[in-house]
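Presented below is the structure to which this report refers.
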Amino acid sequence: MENDMKIAFIGLGNMGGGMAANLAKAGHEVRAFDLSEEALARAVEAGCARAASAAEAVSGAEAVVTMLPAGRHVAGVYEADVFPNAAPGTLLLDCSTIDVATARANIEASTAKGLVAVDAPVSGGIAAANAGTLTFMVGGTDEGFARAQPILAKMGKAVIHAGDAGAGQAAKICNNMLLGASMIATCESLALAQKLGLDPQKFFDIASVSSGQCWSLTSYAPLPGVGPTTPADNGYKGGFAAALMLKDLRLAMEAAQSVDADVPMGSRARELYEAFVAADKDGHDFSAIIQTLQGSRCPL
Ligand code: NAD
47 MENDMKIAFI
57 GLGNMGGGMA
67 ANLAKAGHEV
77 RAFDLSEEAL
87 ARAVEAGCAR
97 AASAAEAVSG
107 AEAVVTMLPA
117 GRHVAGVYEA
127 DVFPNAAPGT
137 LLLDCSTIDV
147 ATARANIEAS
157 TAKGLVAVDA
167 PVSGGIAAAN
177 AGTLTFMVGG
187 TDEGFARAQP
197 ILAKMGKAVI
207 HAGDAGAGQA
217 AKICNNMLLG
227 ASMIATCESL
237 ALAQKLGLDP
247 QKFFDIASVS
257 SGQCWSLTSY
267 APLPGVGPTT
277 PADNGYKGGF
287 AAALMLKDLR
297 LAMEAAQSVD
307 ADVPMGSRAR
317 ELYEAFVAAD
327 KDGHDFSAII
337 QTLQGSRCPL
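Here the sequence shown stands for residues 47 to 346, where the numbers follow the working numbering.
See below:
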C-alpha cells in the first residue's frame, strides 16, 4: 500500500481526531469530515484536508474510515454519502463500536454495491488513539483484512483478524463485557478489603501476584495512590467514561439476547453501570464505580 493513498475519515471526535492525525502523519492524504466545525478544525490543524461534506470526502478516496457514535450514524452515512460516491472496489473500514447486526448489514450492503467492507472496532481509549497504540479487531473477508491491515497498523499496535463480517464487533463487546464485570469485581474486593481493615496497597501487592490478578486491578487500579497511575489519580477523569462502558454492556446484552446466551455477570454489570451513570452527572471514568461500592450501604 502506498503511503500517499487517499483516505476519507468521517467522525473526528475524541477517538477519530487522533486516529486521522496519525494517518496524516504517516503521509496519507486524509480528507476529513465531521458535523462539528470544532472537531474538523482540529483535524485540519493536525494535517488533514478539510472536506465540505462526507460526500466530498468519499469522492475519489481509495478507503473510507468511519469513527461514529452508534450503528444508526454509520448506516446513515453509508446510505447517504458513501454508497452514492465511492468508486467500485473502495475499502470501507468502520472503527466505531456498533451492534453486530448493523455491522453485518452494512457489510452485506457494501458488498452488494461492489465495495469491500470490514468492521474494525478498537480497544484502547483516547490516549491510545492519539499515540497510535490501539488494538483493532477486524471482521470481514481475507481480502478485506489484507487491505485494511496496513492502514489500521498506522493507528494501532495490534491488528487481529477476528473472523467474518461482524466478528470484530462480537470480539469488542465480549471483551468489554469481561472488562465491565471484572472492574466491578475489582472495586468490590478493594472496598471490602478496606472495610476489613486491610491497607489497600497491601491488598494490591498481594492480589497482583495471586489468583485474583487481572487487568482492572494491575493496569487500571481504581483507587488513587494504589498501583500504576490511572484515572483514579486524576479525580476519575480522562479515561474510559462510564457512559461508554454502559453503551458497550447494552450492546453485549442485545447480542446475547439475539443468540439466547446466558450472561448473568454481564447482565448485573449492566444494571450496576445503568444506576451509576444515571446518578453521575460529571462523566466520570468507569472505575469511579468504586465510590458507590465504598458507601456504607450499597444503594444499587
Ligand atoms: P465522539 O462523540 O467524541 O465522536 C464522534 C464524532 O462523530 C463527533 O465529533 C460527531 O460530531 C461526529 N458525527 C456524528 N454523526 C456524524 C455524521 N453523520 N457525519 C459526520 N460526523 C458525525 O465519540 P468517540 O469517543 O470519538 O467515540 C467514537 C466511537 O468509538 C464510538 O462508537 C465509541 O463507542 C468508540 N470508542 C470510544 C472509546 C473512547 O474511549 N472514547 C474507546 C473505544 C471505542
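C-beta atoms are modelled at their ideal positions from N, C-alpha and C, and glycine is treated no differently.
DSSP state of glycine 258 mapped onto helix, strand, coil: Residue mapping note: residue 258 aligns to position 212 of the sequence shown, counting from 1. Residue state, collapsed to three classes: coil.
Any C-beta of chain C under 8 Å from that of alanine 100: Any reference to chain C falls outside this structure, which holds one protein chain only.
Contact test: valine 128 Cβ vs the ligand NAD heavy atom, cutoff 7 Å: Residue mapping note: residue 128 aligns to position 82 of the sequence shown, counting from 1. No, since every heavy atom of the ligand NAD falls outside the 7 Å radius drawn around the Cβ of valine 128.
Distance cut-off 7 Å: glycine 122 Cβ against heavy atoms of the ligand NAD: By 1-based counting over the sequence shown, the position of residue 122 is 76. Result yes, Cβ under 7 Å from the ligand NAD.
Check: alanine 85 C-beta below 7 Å from any heavy atom of the ligand SAM: The model on display carries the ligand NAD but not the ligand SAM.
The ligand NAD heavy atom lying under 7 Å from the CB of histidine 119: On the sequence shown, position 73 is the one that residue 119 refers to. Checking the Cβ of histidine 119 against the ligand NAD gives yes.
beta-carbon lysine 71 near the ligand NAD non-hydrogen atom, thresh 7 Å: Taking the first residue of the sequence shown as position 1, residue 71 is located at position 25. Not so, every heavy atom of the ligand NAD lies at least 7 Å from the Cβ.
Exposure label - leucine 137; buried when at least 16 CB within 10 Å: Within the sequence shown, numbered from 1, the residue matching residue 137 stands at position 91. That one is buried.
Start-to-end residues for the alpha helix (DSSP H) that takes in threonine 232: Along the sequence shown, read from residue 1 onward, the residue named residue 232 stands at position 186. 213 to 241 is the extent of the alpha helix (DSSP H) around threonine 232.
Which residues DSSP lists as bridging leucine 137, in chain order: As a position in the sequence shown, residue 137 is number 91, starting the count at 1. Bridge partners of leucine 137: Ala109 and Val162.
Reference glycine 285; option with closest CA among Ala307, Tyr319, Val323 and Gly329: Reading the sequence shown from its first residue, position 239 is the one you call residue 285. The shortest C-alpha separation from glycine 285 is found at Gly329.
Where the alpha helix (DSSP H) through methionine 299 begins and ends: For the purposes of this step, residue 299 is taken as residue 253 along the sequence shown, with counting starting at 1. It spans 288 to 304 - the alpha helix (DSSP H) in which methionine 299 sits, taken as one unbroken run.
C-alpha distance - leucine 297 paired with isoleucine 219, whole-angstrom precision: Translated into positions along the sequence shown, residue 297 becomes position 251. Translated into positions along the sequence shown, residue 219 becomes position 173. The straight-line gap from Cα to Cα measures roughly 7 Å.
Where arginine 118 falls, given that 16 or more other Cβ within 10 Å makes a residue buried: Taking the sequence shown and counting its residues from 1, the one referred to as residue 118 is at position 72. Exposed: under 16 other Cβ atoms inside 10 Å.
For aspartate 328, three-class secondary structure by DSSP: Start at 1 with the first residue of the sequence shown, and residue 328 comes out as number 282. Aspartate 328: coil per DSSP, three-state reduction.
Through-space distance from glycine 171 to glycine 62, alpha-carbon basis: Residue numbering aside, residue 62 sits at position 16 when the sequence shown is read from its first letter. Residue numbering aside, residue 171 sits at position 125 when the sequence shown is read from its first letter. Approximately 11 Å, taken between the alpha carbons.
Straight-line Cα distance separating glutamate 317 from aspartate 306: For this step, residue 306 is matched to residue 260 along the sequence shown. For this step, residue 317 is matched to residue 271 along the sequence shown. Rounded to the nearest angstrom, the two C-alpha atoms are 19 Å apart.
Alanine 85 and glycine 59 closer than 8 Å at C-beta: Start at 1 with the first residue of the sequence shown, and residue 85 comes out as number 39. Start at 1 with the first residue of the sequence shown, and residue 59 comes out as number 13. A contact, by the Cβ cut-off of 8 Å.
Leucine 295: CB within 7 Å of a non-hydrogen atom of the ligand NAD: Here residue 295 refers to the residue found at position 249 of the sequence shown. It does not: the Cβ of leucine 295 is nowhere closer than 7 Å to a heavy atom of the ligand NAD.
Candidates Leu263, Asp140 and Ala103: closest to phenylalanine 79 by CA position: Reading the sequence shown from its first residue, position 33 is the one you call residue 79. For the residues Leu263, Asp140 and Ala103, the minimum Cα distance to phenylalanine 79 belongs to Ala103.
Isoleucine 206, DSSP secondary structure in three states: Position 160 of the sequence shown holds residue 206. Three-state DSSP puts isoleucine 206 in a strand.
Length of the line joining the Cα atoms of alanine 101 and alanine 321: On the sequence shown, residue 101 is found 55 positions in, with the first residue counted as 1. On the sequence shown, residue 321 is found 275 positions in, with the first residue counted as 1. Approximately 40 Å, taken between the alpha carbons.
Contact under 8 Å by Cβ, valine 90 with isoleucine 53: Mapped onto the sequence shown, residue 90 falls at position 44. Mapped onto the sequence shown, residue 53 falls at position 7. No, they are not a contact pair.
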